Amino acid sequence: MTTSLPAFGLTLLYTAGFLLTLLLSVRTWKLEHKSPWIHVGIVVVLSLGLWMIFYPASMSPDSVEQYTQAHTQEFRDWHPPIMALVLSGVMICGGDIEALMLLQCLLGSLGIYYCAKQIIGISKIPPRAASCLALMLFCMLLYPISPLAAYLMIFWKDTWCAILMLWVLSISLKLYYNAHVFSKLKFYGSYFAFILIAAITLLTRHNAIVMLPFLVLISSLILFYQRRFSWSSAFVFSLSLLMMYIGLYKGQYFFFQVEQQHAGQQVIALDLVGMIVHKPELQHEFPYISQHVTDTYAEVYEYGDIVPLYTSVLKTSSFDRDEMLREYRHAILKHPLTWLYVKLRAFYELIRPSRIHYWFLMGISENPYGLSQNTLLQSLRESLRIRLLIVWNSPILRVFSGIHLVWIGVTIWTIGSLGKRFYTCRQPAMLLWLSVFSMLFAYYASYLFATTAWDFRLMYPATLSGQVIILAYLLKVLYEKYNL
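Taking our numbering, the leading residue of the sequence shown gets 607, the next gets one more, and so forth.
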């Protein structure tokens, strides 16, 4: 797509608005008020603005499917059912998608703000300054070269996971760095909120379960260093997170009769077909999957993309689960290198820098419910879309927020740096941050085992958290260096 003169004009308009917001935040820096609620107010106003621009929501076909489940109250677990269950509850209370999206947008915006403020305030930076810098960070992610504005109003499980991860980080940092000023009641109340939100986070995506060990470790560090638990007691107490997750996970099936659709079979089918595409001579060893492929499967198969698998690679989407598992176990045990090649090739297709498939979404997919975005503010949506397309088309501009590989590299480098510092100085805080970044890396790495699409959105939760942490840290360093 090409950039037109009106696009540049709209970009200048956005730039003026962004600079005006920054100026407003700076003007409030030295106001004599006891608490920085004015910055929270600005975040809320910006969130309301986004909600009105995208009202009632942006929805992909997956979003419409989850909306259908909420509407009919017939729940399935192809997508994690938590979103459909919550939306169904909103509908029972008389609301609809727009009410839930207002809550989502507010929680997402405030999650970024409070997480950034918590990080910036670690070095005893005055609350007014920390609040102002956190507002600046939120504005930066809203405007320059990030798809955040679009994501805050998309009804996607990736957005929910990203928002909840930010709140988990915010609460855990508050518990660790401010435990000494908490009463016993406030500490354990906040700790329960951490456990509950962390457990819900694990329910938002099937692969989010990889974060569980690191969340348990973060909980143990908080209890050991800030509440003087023994290591064994801290670990056992932290297993309450595992119990909470199991209770919520099992409870959704028990109380809401969620239908199990065994979504993991799509990964198995994708891998098995990929192995016979890579080595056609393996067909005789995989007779079950081979009898279900089309004549043109080798030409239309795509590593790591489930869409062509069910549209033109396979003749059916229904399989014998036991036969599939038996053949998959045989494939891994007898041909581990071929299996690993298929996994790495799919992961490469997801993270390669030239691909930013599904970087953002605007609009509502075709649906039988009459859902469509408002026409009153269509021009604002269009201007935002043009601004995002400018970034999408620029190899330089999209480096910051359009290439996961950049943030995977930052995460790995940070883990190495933190590990080295902890080895030399044994500071407990280094171990906490090492756990945080290891959790982000685990989320990235989970797609090595289960890449089913090339969508940018899949890794966005880890990338957004990394952006907030790194940018907040840089703002903190700049403040301290120049003694603002």
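Note that beta-carbon positions come from the ideal geometry of N, C-alpha and C, so glycine has one too. The structure displayed is predicted, hence computed values, not measured ones.
Distance between residue j and residue i (C-alpha atoms, nearest Å)
i	j	result
F744	V649	8 Å
S789	L781	11 Å
S664	G1025	41 Å
G969	F1055	31 Å
H884	M930	19 Å
A1051	I815	12 Å
A755	Y975	25 Å
S826	R682	34 Å
C711	V651	11 Å
R1004	I760	20 Å
A646	G714	According to the sequence provided, residue 646 is Val. The question's Ala does not apply to it. Cα-Cα distance, rounded: 13 Å.
V670	Q897	33 Å
I957	L791	45 Å
W1019	T674	43 Å
I1002	H941	41 Å
K640	G717	Low confidence applies here, because K640 scores a pLDDT of 48, under 50, leaving its location unreliable; read the following figure in that light. Taking the straight line from one Cα to the other gives about 22 Å.
F1062	F860	33 Å
A1078	G695	36 Å
L995	I962	12 Å
G853	I803	13 Å
L943	W998	36 Å
M817	F892	33 Å
Y585	I938	Any answer about residue 585 is impossible in this case: the structure gives the chain only from 607 up to 1090.
F953	V787	45 Å
S960	F966	16 Å
L1064	A705	25 Å
I1009	C699	40 Å
S844	R1032	22 Å
S1000	I751	10 Å
Contact check, residue i vs residue j, beta carbons under 8 Å
i	j	result
L740	K723	It should be noted that the sequence gives Ala, not Leu, for residue 740. Yes, they are a contact pair.
R927	H868	yes
W1060	D877	no
Y797	I728	no
R951	Y909	yes
A676	M707	no
V1091	L848	The shown model of the chain, from 607 to 1090, leaves out residue 1091, and the question about it has no answer.
M850	A799	no
Y964	N813	no
I882	S846	no
N973	Y661	no
F793	S1041	no
P667	S923	no
S547	P753	Any question about residue 547 goes unanswered here, given that the chain covers just 607 to 1090.
R833	A785	yes
I895	E933	yes
L595	L758	Nothing about residue 595 can be reported from this structure: the residues present for the chain run from 607 to 1090 only.
Q858	L691	yes
Identity of the residues DSSP links to residue i by a beta bridge
i	result
V899	L920
R682	E865
I1133	For residue 1133 there is no data in the structure shown, the boundaries of the chain being 607 and 1090.
I970	M665
Cβ neighbours of residue i in the same chain (closer than 8 Å, five flanking residues each side left out)
i	result
L986	I659
T1058	Q872, V873, L876, G910, D911 and I912
L637	Low local confidence applies: a pLDDT of 47 at L637 is under 50, so the model's placement there is unreliable, with the coordinate-based value given in what follows. So the list reads I644 and R734, once near-sequence residues are dropped.
W837	S826 and F830
L921	Inspection of the sequence shows that residue 921 is occupied by Lys rather than by Leu. Excluding residues within five positions, the ones whose Cβ falls inside 8 Å are H898, V899 and T900.
E865	E680, F681, R682 and D683
D702	P662 and V696
P886	A904
Other residues of its chain near residue i: CB distance less than 6 Å, five sequence neighbours each side excluded
i	result
Y831	P1034
Y719	V649, A740 and F744
V915	It should be noted that the sequence gives Leu, not Val, for residue 915. Cβ within range, chain order: L876.
S1023	none
L977	I970
I824	S778 and S1041
Contact set for residue i: own chain, Cβ-Cβ below 7 Å, skip 5 residues either direction
i	result
Y1085	I731, A735 and L739
T810	P686, I688, K763, W766, C767 and L770
L1037	L827 and F1028
S653	C711, L712 and S715
L616	Only weak support exists for where L616 lies, its pLDDT of 49 falling under 50; the value from the coordinates is given anyway. Answer for L616: S989, I992 and R993, listed in chain order.
F1047	T1017, I1018 and I1021
W1039	L1024
* To do: Pair every Cβ in the segment 745 to 757 with every Cβ in the segment 1066 to 1073, then say whether three or more of these pairs are closer than 8 Å.
  => yes
* Asked: Do the segment 769 to 777 and the segment 713 to 728 meet, that is, are 3 or more Cβ pairs less than 8 Å apart?
  -> yes
* Okay, do the segment 1006 to 1024 and the segment 1072 to 1084 touch, 3+ Cβ pairs below 8 Å being the bar? -> yes
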